[in-house]
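Enquirer: Questions regarding the structure given below will be posed in turn.
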């Protein structure tokens, strides 16, 4: 009788294991297209391609190996995930709040006790590209190793050389707080076996060196799909809806396919390039949240040729329509506050807008103070879910524009959940294509995730 619980426990584990494997196999079939499957042309070995899509670009003039590693680490946006606000760069401890718990980023400085100072080159390559640390522990896919797997040895080790050139910081990251079964790291071996291609970047023959450079950046170093491609239930990227939009840290990461209405198909190449390099494109909106941070720490530090390569690649991906997103309203609102408002919008929102917003954003939505403050044409303002509008009202924009203009301040402490919902709904009704209908409860949940 004493052996029965043990037998039952083992059987239960076996059933769970078989079920998980079965779900992962189904997910693999559902997400089978690889990131470059849409492209015409045959993938070839890197040394068989007449071009140099990896490494640093021709217009990066520094020859110092550490400077090269710094550039590649910025392209990979390492600092954003491994730095707590106000903390030492790369010292880890940043919390990622997820529906099933909280993950904390690791210390990747050269500290030998709490960082990666004792790691060999092989340890570093295995962690970055396979998702396994120096002690054999599986990493969660919050670390985008399924994208970094495309990095060459030379580029990955250049990043390591740069990290090891920085001051070592002693900082033990908190333990992850995850619910079952997500706290079972061994499951990540199965996840990685299904969703990590575990191969180096292979250029597509017939495509230009610029296109292939863009592919290496977008799919590998910059890992754009991790935010902009929707995921299945097991957190694998759904490349059949590549770049169609998803959620990143509670924010909407919008559709960046060439769909004219819900994506960036109506944007010019100059619009896209300007947005990536500066976080703003006139008449298209300004970056906030994780995208603003990516511009500040990564895209804004790239050379013009790399920005252009990314734009070239993004323009080539298949257009995917997001039916919930209307085409942005491009016409300005009436100059008079008495016009242009639907009757069913909470009038309290107008009062708040008049007192706290109109001086910067104007009543037409076209700011007279700064182009970045213009609301007309903004994707976020034309999103009926209004998630990003509410979040930027709550927390402001921590992004410092290159030209030194004033960033959006946070109003979360000044207004209640009901008041923020009211002003957000007013903004989308007045300046967007379709009014939002968020509630005080929606704002409360957003507050809790910040």
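Residue numbers (the numbering used here): -2 to 447. The beta carbon of each residue, even a glycine, is placed where N, CA and C say it ideally should be.
Give me the residue from 96, 276, 309 with the minimum Cα distance to residue 297.
Expert: Along the chain shown, read from residue 1 onward, the residue named residue 297 stands at position 300. The option with the nearest alpha carbon to residue 297 is 276.
Enquirer: Helix, strand or coil for residue 79, going by three-state DSSP, please let me know.
Expert: Within the chain shown, residue 79 is the residue found at index 82, counting from 1. Here residue 79 sits in coil by DSSP.
Enquirer: For residue 359 and residue 194, what's the separation of their Cα atoms in angstroms?
Expert: Here residue 359 refers to the residue found at position 362 of the chain shown. Here residue 194 refers to the residue found at position 197 of the chain shown. Rounded to whole angstroms, residue 359 to residue 194 spans 49 Å at the Cα level.
Enquirer: Assess contact between the region 74 to 85 and the region 236 to 244, defined as three or more Cβ pairs (one per stretch) separated by less than 8 Å. Is contact present?
Expert: Result no; under three Cβ-Cβ pairs closer than 8 Å.
Enquirer: Quick check: what's the CA-CA separation for residue 90 versus residue 350?
Expert: In the chain shown, counting from the first residue as 1, residue 90 sits at position 93. In the chain shown, counting from the first residue as 1, residue 350 sits at position 353. In a straight line, the C-alpha of residue 90 is about 37 Å away from that of residue 350.
Enquirer: Take residue 47 as the anchor and find which of 208, 262, 370, 189 has the nearest alpha-carbon.
Expert: By 1-based counting over the chain shown, the position of residue 47 is 50. Comparing Cα-Cα distances from residue 47 to each of 208, 262, 370, 189, the minimum goes to 208.
Enquirer: Helix, strand or coil for residue 373 per DSSP?
Expert: Mapped onto the chain shown, residue 373 falls at position 376. Of the three classes helix, strand and coil, the one that applies to residue 373 here is coil, per DSSP.
Enquirer: Assuming residue 302 and residue 152 are in contact, meaning their beta carbons sit under 8 Å apart, how far apart are those beta carbons, in whole angstroms?
Expert: The residue you call residue 302 lines up with position 305 of the chain shown. The residue you call residue 152 lines up with position 155 of the chain shown. At roughly 17 Å, the Cβ-Cβ gap does not stay under 8 Å, so residue 302 and residue 152 are not in contact.
Enquirer: Once the 5 residues before and after residue 221 are set aside, which same chain residues still bring their CB inside 6 Å of it?
Expert: Locating residue 221 in the chain shown gives position 224, where the first residue counts as 1. Closer than 6 Å at the Cβ level, and outside the excluded window around residue 221, lie 215.
Enquirer: Please state whether the Cβ-Cβ distance between residue 425 and residue 432 is less than 8 Å.
Expert: Here residue 425 refers to the residue found at position 428 when the chain shown is read from its first residue. Here residue 432 refers to the residue found at position 435 when the chain shown is read from its first residue. Yes, Cβ-Cβ distance for residue 425 and residue 432 is below 8 Å.
Enquirer: Residue 434 and residue 422 look like a contact to me (Cβ under 8 Å); what is the Cβ gap, rounded to whole Å?
Expert: Residue mapping note: residue 434 aligns to position 437 of the chain shown, counting from 1. Residue mapping note: residue 422 aligns to position 425 of the chain shown, counting from 1. Right, their Cβ atoms sit about 6 Å apart.
Enquirer: What first and last residue would you give for the beta strand (DSSP E) that runs through residue 93?
Expert: Sequence index remark: in the chain shown, residue 93 carries index 96 (1-based). 92 to 95 is the span of the beta strand (DSSP E), which, as asked, contains residue 93.
Enquirer: Look up residue 472 in the DSSP assignment and give the residues it is bridged to.
Expert: In the structure as shown, the chain starts at -2 and stops at 447, and residue 472 therefore has no counterpart that could be examined.
Enquirer: Could you tell me the boundaries of the alpha helix (DSSP H) in which residue 444 lies?
Expert: As a working note, residue 444 is residue 447 in the chain shown. From DSSP, the alpha helix (DSSP H) with residue 444 extends over 437 to 446.
Enquirer: From the DSSP output, read off the bridge partner residues of residue 100.
Expert: Indexing the chain shown from 1 puts residue 100 at position 103. Residue 100 is bridged to 93.
Enquirer: Whole angstroms is fine: what's the gap from residue 293's alpha carbon to residue 374's?
Expert: Against the chain shown, residue 293 aligns to sequence position 296. Against the chain shown, residue 374 aligns to sequence position 377. Cα-Cα distance, rounded: 22 Å.
Enquirer: Indicate the three-state DSSP secondary structure (helix, strand or coil) for residue 208 in the structure shown.
Expert: Along the chain shown, one-based indexing puts residue 208 at 211. Residue 208 falls in the helix class under three-state DSSP.
Enquirer: What is the residue span of the alpha helix (DSSP H) that residue 363 lies within?
Expert: Position 366 of the chain shown, counted from the start, is the residue given in the question as residue 363. Per DSSP, residue 363 belongs to no alpha helix (DSSP H) and is neither H nor E.
Enquirer: Along the chain, where does the beta strand (DSSP E) containing residue 249 start, and where does it finish?
Expert: Numbered from 1 along the chain shown, position 252 holds the residue referred to as residue 249. Start and end: 248 to 250.
Enquirer: Can the beta-carbon of residue 283 be found closer than 8 Å to that of residue 369?
Expert: Looking up residue 283 in the chain shown gives position 286. Looking up residue 369 in the chain shown gives position 372. Taking 8 Å as the Cβ cut-off, residue 283 and residue 369 qualify as a contacting pair.
Enquirer: Using the Cβ count rule (16 or more neighbours within 10 Å means buried), how would you classify residue 449?
Expert: This structure gives no information on residue 449, because the portion of the chain shown stretches from -2 to 447.
Enquirer: In terms of residues, what are the limits of the alpha helix (DSSP H) holding residue 387?
Expert: Indexing the chain shown from 1 puts residue 387 at position 390. From DSSP, the alpha helix (DSSP H) with residue 387 extends over 384 to 392.
Enquirer: Classify residue 365: buried if its beta carbon has 16 or more other beta carbons within 10 angstroms, exposed otherwise.
Expert: Position 368 of the chain shown holds residue 365. Result: exposed.
Enquirer: Between the Cα of residue 272 and the Cα atoms of 109, 256, 299, 248, which residue gives the shortest distance?
Expert: Within the chain shown, the letter at position 275 stands for residue 272. Minimum Cα distance to residue 272 is reached at 299.
Enquirer: According to DSSP, residue 282 sits in a beta bridge with which residue or residues?
Expert: Within the chain shown, the letter at position 285 stands for residue 282. DSSP output for residue 282 lists 278 as bridge partner(s).
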